[in-house]
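Novice: One structure, as structure tokens, below. Some questions next.
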Amino acid sequence: MGMRSGKLMFGFVLVFVLSIILPAVQGQDGSAPAPAPAPTSDGTTIDQGIACVLMLLALAVTYLVHAADVPFNNF
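Here the sequence shown stands for residues -27 to -1, 1 to 48, where the numbers follow mature numbering (1 follows the signal peptide of the UniProt record, and there is no 0).
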């Protein structure tokens, strides 16, 4: 029984020493974490995305309209 109590005492001493030495075991210092930054998007990215989609749609419609105008019997 003496060996078991010696190991237990050594375990307690080891945990106590490590909790003093290692700052990660001590926990936080009480200060709150920094707040998240405010969103930086003011809508211009969304506007540019919509404009790009509309331009691609206009290009596709223009291609389809002009492709229908081409006569296929000129070969």
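Glycine is no exception: its CB is placed at the ideal position from the N, C-alpha and C atoms.
Since we're looking at a predicted model, the values are computed, not measured.
Tell me where the alpha helix (DSSP H) around Ala41 begins and ends.
Specialist: Looking at the DSSP string, the run of the alpha helix (DSSP H) that includes Ala41 is Thr17 to Asp42.
Novice: Enumerate in chain order the residues of its own chain whose CB-to-CB distance from Leu(-14) is below 6 Å, with the five nearest sequence positions on each side excluded.
Specialist: So no residue of the chain qualifies.
Novice: Expressed to the nearest angstrom, what Euclidean distance is found between the alpha-carbon atoms of residue 89 and Gly16?
Specialist: Only positions -27 to 48 of the chain appear in the structure, and residue 89 is not among them; the question remains open.
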